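First up is the structure itself, then whatever we jot down about it.
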Amino acid sequence: MQLKFDPDNPNFEYIKTPEALNKALEALEKETVIGIDVEATGLDPYTSKLLLVQIGKEDISYIFDARKLDLKEYPRFKELIESSKRIKLLHNAKFDYKFLKVQTGSSLTNVYDTMLAGAVLTAGLVGKNPSLKELTTQYCNFDMDKGIRKTFQDHIGPITQAQLKYSGLDTLALFPIFTQQLHELKKENLVKVAKLEFSSTLVVAEMELRGIFIDIERWENVIEDLEDKRSKHAEKFQDLIRPYYSRRSHDLFGNSVDAMNINSQVQLMELLNDKIGLNLPNTNEGILKTVDHPVVNTLRDYRKYEKLISAFGQALLDKVNPVTGRLHPDFNQMGTATGRFSCKDPNLQQIPRNSKEAPFRELFKPAPGYKLVTADYSSFEMRILADLSGDEKMIKALKEGLDIHSYTASLMFDVPYSEDFREDHPDLRQIAKPIGFGLMYGMSPMGLAAQLGVSVDKGEEYMELYFKSYPSVRDFLNNLSENAVKRGWSTTPLGRKRWYKRPDPTDPDYRRRMSGIKRQAKNHPIQGTNADAIKFAFVFIQKRIQEEGLDGGITHTVHDEIVCEVREDQAEEWAEIQSAEMVRAAELFIKKVPIKSEPFIGDVWEH
DNA sequence: AGAGGTGGTG
DNA sequence: CATGCACCACCTCT
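Following this line, the structure appears as structure tokens:
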């Protein structure tokens, strides 16, 4: 592609006076598409300092010095980036949005995000979001020097020419990438999906800025309690295994010495197999719970606490932001091949469900004077399966609000359905339930047998009974895998695609890889539709927040659940709105089956 | 630094 | 022929 700039000598203007700023704005206001990027001393908008804001046309980049110009003071600057009249090109707009919002008071609208577009165009093929450097190599055919970026880290003193050149290039490169990606998005019918990602990323940015409040003191108490329990089990473990080792139990100073490292898989295998003679294939919980031996029992006790402490202890508390006093996890809206969010630093999508000893979710609280409104979709993926497969009986059962797993069991085993089925035939329901879930993951009869603890023959029999009960489900799932193999991709009703690399037939793992693709293709439209709905719900909810003038916002999401933090006096009314918007979003795709979302208002995160 | 094992979530 | 999807954090070991 013919570039409108010279990658070795990009055209830029360094803006550090109000006069120059006004002149630059005048030029930019005429444009219908502008590119935006920011440079800061770090990644966190609350603790790092905004250094530069680059806003460019396709042939020039205007570089505003945010230390010399207080951009809060220029309404024309705010208007330029907030107006929906122009398309704003950014790479990872969420990052820039957060800095602009916190440090210049301006928002962004009408965004085109080259990173998200790239991710949408390669979902399933690449494990991470594309960098600007990668897209530049791909679409602009030059090599971007990202070495300069780290010179902004903790930067003080004047901006150098090299820094300006690098910063300018970042907005210039966005234009040719945009043009070519747009062409590909249209070709792949991914425009709707990309637009959804672009709209929801601004909502995600707001969610991350808000963060979530936790009760640090009570959290520390819980951890201390867990640590006490862990030590007890650890000491008992060492006492129990000492006879197997010749190492002395105390050093020269009288301190007790561990016989081995309880966290070491290698040393555990040596102990359990070579010394104790249990002959275990591995040391995971599934295997250990089949063994009744004091050492193993103590190890299991220890592990329970070790997990909670290491994953949800001090490491998580260290992530509390020093400025806001809240957790601000990093959500990646294209963090999965299916379109779901992933979450890290900390990953609040893997906080354990509340238990007596570790009630972590109870320690997520609203700020004083606020409530948490939690709403999730009830058995959403089951409803998606029913709707997309069009299976009449499954649809009917969900429409009538029957207990779906009981109803399935009644069909499979030809026992009449009743209100009391769950109590009367728990054994039958317990067979039907894992099939329902397992099928959405492409589970085989053998996997089912393993899960239920029955023979493979029984597994096959049960699955056959399930498919006889819901014949359209079998056809639907088989079609999904066949199409994926034929076309090399699968899709959600919205058009979100997941691509598959065709395995090499000479690969010794060819069969295994093909089976894997077939399973992924059965799951993708279901999980992906859930993701599409949640992202629409994000956009709808954010719009209502603005319309209602709500004092609050989205604070968290876990796949089929959205949590808002709302001023107390508004919570009741908001809860209904939040649920209604989630339902409205899901109903964009699911038309044959009712969608249920029950809100929960509380002083803790639970549902 | 990266891989493998383990285990937390939907 | 192999046999349940999607993630991330922490630990050990190389």
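Take the first sequence: its letters are residues 372 to 978, numbered as in the working numbering. Here a beta-carbon is modelled for each residue, glycine too, at the ideal position from N, C-alpha and C. Bear in mind that the values here come from a model prediction, so they are computed numbers and not experimental data.
Here's the rule: buried if 16 or more other CB atoms are within 10 angstroms of the residue's CB, otherwise exposed. What is R601? Buried: at least 16 other Cβ atoms inside 10 Å.
Would a C-beta distance cut-off of 8 Å place L911 and E952 closer than the cut-off? The amino acid occupying residue 911 in the given sequence is Phe; Leu does not appear at that position. In this structure, E952 lies closer than 8 Å to F911 by Cβ.
Work out the CA separation of A803 and E794 for me, nearest whole Å. Whole-angstrom Cα-Cα distance: 14 Å.
Measuring straight from C-alpha to C-alpha, what distance separates T654 and F712? T654 and F712: Cα-Cα distance of roughly 31 Å.
For the alpha helix (DSSP H) that W590 lies in, which residues bound it at each end? In the DSSP assignment, W590 falls within the alpha helix (DSSP H) that extends over I587 to I612.
Endpoints, alpha helix (DSSP H) assigned at Q949: For Q949, the enclosing alpha helix (DSSP H) stretches over residues E939 to A957.
Taking Y417 as the reference, which of A494, L580, E591 and V844 has the closest Cα? Selected option, being the one with the closest Cα: L580.
Please state the DSSP three-state secondary structure of G706. In this structure, G706 counts as coil in the three-state DSSP scheme.
Closest to R618 by CA distance: which of T522, D629, A904 and F584 is it? For R618, the nearest C-alpha among the options comes from D629.
For C714, the residue or residues it bridges with in DSSP: Its beta-bridge partners are F702.
Pop quiz: T412 and K420 are said to be a contact at Cβ under 8 Å. What is the actual Cβ separation, rounded to whole angstroms? So it is a contact: roughly 5 Å between Cβ atoms.
Below 8 Å, how does it come out for the segment 742-751 and the segment 928-947: are there three or more Cβ pairs, yes or no? These segments touch.
Which word fits G406, buried or exposed, when buried means at least 16 other C-beta atoms lie within 10 angstroms of its C-beta? That one is buried.
For A437, which option in L769, L392, N718 and E450 has the closest C-alpha, if you only look at C-alpha atoms? When only C-alpha atoms are compared, the closest one is L392.
Taking Y616 as the reference, give the member of D430, L556 and L642 with the closest Cα. The candidate whose alpha carbon is nearest that of Y616 is L642.
Should F448 and V409 be called a contact, given that it needs their Cβ atoms to be closer than 8 Å? Not in contact: F448 and V409 (Cβ atoms no closer than 8 Å).
Classification of L496 by the beta-carbon crowding that lies within 10 angstroms, buried from 16 upward: Classification of L496: exposed, given that the 10 Å Cβ count is below 16.
Outcome for T840 when other beta-carbon atoms lying within 10 angstroms are tallied against a minimum of 16: The amino acid occupying residue 840 in the given sequence is Ser; Thr does not appear at that position. S840 comes out buried.
Buried or exposed by the 16-neighbour rule on C-beta atoms within 10 Å, applied to A821: That one is exposed.
Grab the span of the alpha helix (DSSP H) containing E410 for me, first residue to last. Looking at the DSSP string, E410 is not in any alpha helix (DSSP H); the run it does join, the beta strand (DSSP E), is V404 to A411.
Please state whether the Cβ-Cβ distance between N718 and P700 is less than 8 Å. At a Cβ-Cβ threshold of 8 Å, N718 and P700 count as neighbours.
Cα-Cα separation, F683 to I722: If I take the Cα positions, the gap works out to 7 Å.
Which full runs of the alpha helix (DSSP H) of 4+ residues lie inside the segment 794-838, going along the chain? With a minimum length of 4 residues, the continuous alpha helix (DSSP H) runs that stay inside the segment 794-838 are 797-811 and 816-823.
Quick one: residues in its chain with C-beta nearer than 8 Å to the C-beta of V786, no 5 flanking neighbours on either side, listed in chain order? Taken in chain order, the residues that qualify are A780, F792, H796 and L799.
Per the contact definition of three or more C-beta pairs closer than 8 Å, is the segment 722-735 in contact with the segment 576-591? The segment 576-591 and the segment 722-735 touch, with no fewer than 3 CB-CB distances between them shorter than 8 Å.
Using only CA atoms, which one of A738, R884, Q704 and T531 lies nearest to G696? Across the set A738, R884, Q704 and T531, the C-alpha of A738 shows the shortest separation from the C-alpha of G696.
Using DSSP with H/G/I as helix, E/B as strand and the rest coil, what is K962? In the structure shown, K962 sits in coil (DSSP, three-state: anything other than H, G, I, E or B).
Top-ranked residue by Cα proximity to A957, from S477, F907 and T480: Comparing Cα positions, the closest option is F907.
In whole angstroms, what separates the C-alpha of R884 from that of P874? Their Cα atoms are separated by approximately 7 Å.
Which residue wins for smallest C-alpha separation from T707, given the options V491, L423 and P665? Out of V491, L423 and P665, V491 has the C-alpha closest to the C-alpha of T707.
Using the rule of at least 16 other Cβ atoms within 10 Å of the residue's Cβ for burial, across every protein chain shown, is A533 buried or exposed? Burial call: exposed.
Which one or two residues does DSSP pair with K868 in a beta bridge? Beta-bridge analysis with DSSP links K868 to T862.
Do you know how far the Cα of E453 is from the Cα of D1006? Residue 1006 is absent from the structure shown; the chain starts at 372 and stops at 978.
Give the secondary structure of H989 by DSSP, where H, G and I count as helix, E and B as strand, and everything else as coil. Absent from the model: residue 989. The displayed extent of the chain is 372 to 978, so no value can be given.
Just checking, does the segment 847-856 make contact with the segment 881-895 on the three C-beta pairs under 8 Å criterion? At 8 Å Cβ cutoff, the stretches touch.
State yes or no: is the C-beta of R754 within less than 8 Å of the C-beta of I905? For R754 and I905, no; Cβs fall outside 8 Å.
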